[in-house]
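Down below is the structure, laid out as structure tokens.
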Amino acid sequence: MKHKIPKELEKVPIVLGLELKKVIFITIAALLFVFLMVTNLLLALVFPILVVIYIYIANKFKKEGEFLNYIKYNLNPKVIIFDKTIEELLNK
Numbered sequence: 002m003k004h005k006i007p008k009e010l011e012k013v014p015i016v017l018g019l020e021l022k023k024v025i026f027i028t029i030a031a032l033l034f035v036f037l038m039v040t041n042l043l044l045a046l047v048f049p050i051l052v053v054i055y056i057y058i059a060n061k062f063k064k065e066g067e068f069l070n071y072i073k074y075n076l077n078p079k080v081i082i083f084d085k086t087i088e089e090l091l092n093k
């Protein structure tokens, strides 16, 4: 016994009046466009901020290597030396 395939199943799927392949292509192209616009906008906002930060650092640390020394100083552990014994500090 042989079954006949309905003609509706032989047709290409249609979404919003277009073929499914076209709808998928349009959706991917639209998402790519939005992604590119958002990244472009973010880069356009980040680069001027980087320039302002660079100018601020250049004005604050004018000598060569001063900024790197400042960073190294803040990252290294600090040693505090007391001129009193621990017992005197604990008793207070």
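Residue 7 in my numbering sits at position 6 of the sequence shown; the count goes up by one each step and never skips. Even glycine gets a Cβ: it sits at the ideal position worked out from N, Cα and C. Quantities reported herein were computed from a predicted structural model and do not represent experimental measurements.
Report the residue ranges of all alpha helix (DSSP H) runs contained in full by the region 8 to 78; include only those spanning at least 4 residues, in chain order. 8 to 11, 21 to 61 and 67 to 76
Give the range of the alpha helix (DSSP H) segment to which I87 is assigned. I87 to N92
Backbone CA spacing between I54 and V47 [nearest angstrom]: The alpha-carbon atoms of I54 and V47 are separated by roughly 11 Å.
Look at the alpha carbon of M38 and the alpha carbon of F26, and state the distance between them as a whole number of angstroms. The straight-line gap from Cα to Cα measures roughly 18 Å.
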